[in-house]
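Undergrad:
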Amino acid sequence: MARVLAIESSCDETACAVVDGSQVRASIIASQIEIHARFGGVVPELASRHHLNAVVDVVERARVAAGIVWEDLDALAVTEAPGLVGALLVGVQMARGLALATGLPLHGVHHMEGHLFSAVLGDDRQAAMPFVPHVALLVSGGHTELVDVAGLGRYRLLGATRDDAAGEAFDKGAKLLGLGYPGGPIIDRLADEGDPNAFAFPRGMLSREGFEFSFSGLKTALLVHLQRQGQPSTRNELVDLCASFRQAIVDVLIDKARKAMIATGRDRLHIVGGVAANAGLRRQADALASSAGITVVTPALRYCGDNAAMIAAAASARIDAGLAAGVDVQAATALDDPRYAVDGGAP
Ligand code: KG4
Ligand code: ZN
Numbered sequence: 437m438a439r440v441l442a443i444e445s446s447c448d449e450t451a452c453a454v455v456d457g458s459q460v461r462a463s464i465i466a467s468q469i470e471i472h473a474r475f476g477g478v479v480p481e482l483a484s485r486h487h488l489n490a491v492v493d494v495v496e497r498a499r500v501a502a503g504i505v506w507e508d509l510d511a512l513a514v515t516e517a518p519g520l521v522g523a524l525l526v527g528v529q530m531a532r533g534l535a536l537a538t539g540l541p542l543h544g545v546h547h548m549e550g551h552l553f554s555a556v557l558g559d560d561r562q563a564a565m566p567f568v569p570h571v572a573l574l575v576s577g578g579h580t581e582l583v584d585v586a587g588l589g590r591y592r593l594l595g596a597t598r599d600d601a602a603g604e605a606f607d608k609g610a611k612l613l614g615l616g617y618p619g620g621p622i623i624d625r626l627a628d629e630g631d632p633n634a635f636a637f638p639r640g641m642l643s644r645e646g647f648e649f650s651f652s653g654l655k656t657a658l659l660v661h662l663q664r665q666g667q668p669s670t671r672n673e674l675v676d677l678c679a680s681f682r683q684a685i686v687d688v689l690i691d692k693a694r695k696a697m698i699a700t701g702r703d704r705l706h707i708v709g710g711v712a713a714n715a716g717l718r719r720q721a722d723a724l725a726s727s728a729g730i731t732v733v734t735p736a737l738r739y740c741g742d743n744a745a746m747i748a749a750a751a752s753a754r755i756d757a758g759l760a761a762g763v764d765v766q767a768a769t770a771l772d773d774p775r776y777a778v779d780g781g782a783p
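Residue numbers (the numbering used here): 437 to 783.
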């Protein structure tokens, strides 16, 4: 198993980690959430600047926490796409500098392939699990996709969102309710206290065939509700709104995932990305596992959001398989792009 140090800087976390395969030796994350929170979303220029300020320190902290010297590593890796270009470039230039200084090979990793590996990371439940065929529900701030994963580099996109991603829907909903950024975790916490049936919100694309998603109608429905009824005047009303809003998103994600399991005949569902931390989604995923007789895997909470351990693990697997490539920040951003495909790609 290749020992890899990876850097992740695609959005608003500056992260560095060291792994041996799927075993994490160190994972350091410097979050910029407080910087962007007052603007209600990520400001790209500020993200790049703060990555610049943080990256040297974060890398050194990860190396020290892993208890290694540079000679102990087999390779370096970095997120090359997709993401904010200015933010990505900070991680990439740091990694290029390290590669020059140490003589270590440097590999570029697709951020969403990293998220796929978050499901097999860590020292707990999934430690020894190989990257077996499965359906992945990728749910983050920028993506909502169902992908049939036949193996490493063999990804077939089943369907994606036509408009907002699930995390984006949570964030926009929270913004409308004046709840702060990022809204996903805030709505999730409040939703646990509320009644998910209190308000009837639309389930976008639920009755349509296929695996496309749409969450913009849900956002509009909340906006129209607030225009008519005003902001919630009691805590009860607020938690009921949050619970009903979360339920509308989770219902669609789970039902489309269930149908994808049937369509592909797979018996494992991996739910990954920042929204995989959602308590309502995790509960309903467990219920699906029982009712459909499938295995559902969600990452440990600390690996749901952006981190570098998942990037390092993806690079390590590619190195072991002889499939690692250099860095190309201009790479196409889709996970099923030929650049990331192995054996013709699709299952
Ligand atoms: O994967 P991630 O950290 O970054 C991207 O690659 O986008 O995902 C961030 C997204 C945000 O939209 C955030 O609101 C959402 O994940 N998120 C959640 C929860 N925790 C984070 N959404 C719902 N419930 C949560 N508990
Ligand atoms: Zn991400």
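Glycine is no exception: its CB is placed at the ideal position from the N, C-alpha and C atoms.
Exposed or buried, Arg-439, counting other C-beta atoms within 10 Å across all chains shown (16 or more means buried)?
TA: Its Cβ being crowded by 16 or more others within 10 Å, Arg-439 is buried.
Undergrad: When DSSP builds the beta bridges, which residues end up paired with Arg-439?
TA: Paired residues: Asp-456.
Undergrad: Are there any heavy atoms of the ligand KG4 lying less than 8 Å away from the beta-carbon of Leu-552, as far as the coordinates show?
TA: Checking the Cβ of Leu-552 against the ligand KG4 gives no.
Undergrad: Hey, which residues come within less than 5 Å of the ligand ZN, measuring from Cβ to any heavy atom, in chain order?
TA: Ordered along the chain, the selected set is Ser-576, Asp-742.
Undergrad: Could you name the residues of the same chain whose beta carbon sits closer than 7 Å to that of Gln-562, not counting the 5 residues immediately before and after it, in chain order?
TA: Summary for Gln-562: the model assigns pLDDT 48, below 50, so the residue's position carries little reliability, and this model does not support an answer.
Undergrad: Within this structure, are the beta carbons of Leu-677 and Leu-613 separated by less than 9 Å?
TA: In contact: Leu-677 and Leu-613 (Cβ atoms closer than 9 Å).
Undergrad: Whole angstroms are fine: how far does the CA of Arg-474 sit from the CA of Ile-747?
TA: So the two alpha carbons sit approximately 29 Å from each other.
Undergrad: Ordered along the chain, which non-local residues of its own chain (more than five positions away) have a Cβ less than 7 Å from that of Ser-652?
TA: Once the five neighbours on either side are set aside, the close Cβ partners of Ser-652 are Asp-599, Asp-600.
Undergrad: Cβ atoms of Pro-518 and Ala-760: under 9 Å apart, would you say?
TA: No, they are not a contact pair.
Undergrad: Sorted by chain position, which residues of the same chain lie with C-beta nearer than 7 Å to Gly-640's C-beta, five sequence neighbours on each side aside?
TA: Around Gly-640: Phe-649, Ser-650, Phe-651, Gly-653, Leu-654, Val-688.
Undergrad: If you follow the alpha helix (DSSP H) that Asp-676 is in, where does it begin and where does it stop?
TA: 671 to 700 is the span of the alpha helix (DSSP H), which, as asked, contains Asp-676.
Undergrad: Can you tell me where the alpha helix (DSSP H) with Asp-624 in it begins and where it stops?
TA: First-last of the alpha helix (DSSP H) with Asp-624: 619 to 627.
Undergrad: With a cut-off of 8 Å on the beta carbons, I'd call Val-675 and Glu-629 a contact; round off their distance for me.
TA: About 4 Å; that satisfies the 8 Å criterion.
Undergrad: Consider the C-beta atom of Cys-447 and the heavy atoms of the ligand KG4; say whether any pair is separated by less than 8 Å.
TA: The answer is yes for Cys-447.
Undergrad: Are there 16 or more other CB atoms within 10 angstroms of the CB of Ile-465, so buried, or fewer, so exposed?
TA: Answer is buried; the Cβ neighbour count reaches 16.
Undergrad: Measure how close the beta-carbons of Arg-719 and Val-571 come, nearest whole angstrom, since I'm counting them as under 8 Å.
TA: The Cβ separation is near 19 Å, so there is no contact.
Undergrad: Could you tell me whether the Cβ atoms of Ala-657 and Pro-632 are closer together than 9 Å?
TA: No, the Cβ-Cβ distance between Ala-657 and Pro-632 is not below 9 Å.
Undergrad: Verify the contact flag: Cys-740, CB atom, against every heavy atom of the ligand KG4, threshold strictly below 8 Å.
TA: Within the cutoff, so yes.
Undergrad: Between Gly-619 and Phe-606, how many whole angstroms is the CB-CB distance? I'm expecting something under 8 Å.
TA: Yes, Gly-619 and Phe-606 are in contact; Cβ-Cβ is about 5 Å, under 8 Å.
Undergrad: Taking 9 Å as the threshold (C-beta atoms), are Val-583 and Leu-724 in contact?
TA: No, these two residues do not count as a Cβ contact at 9 Å.
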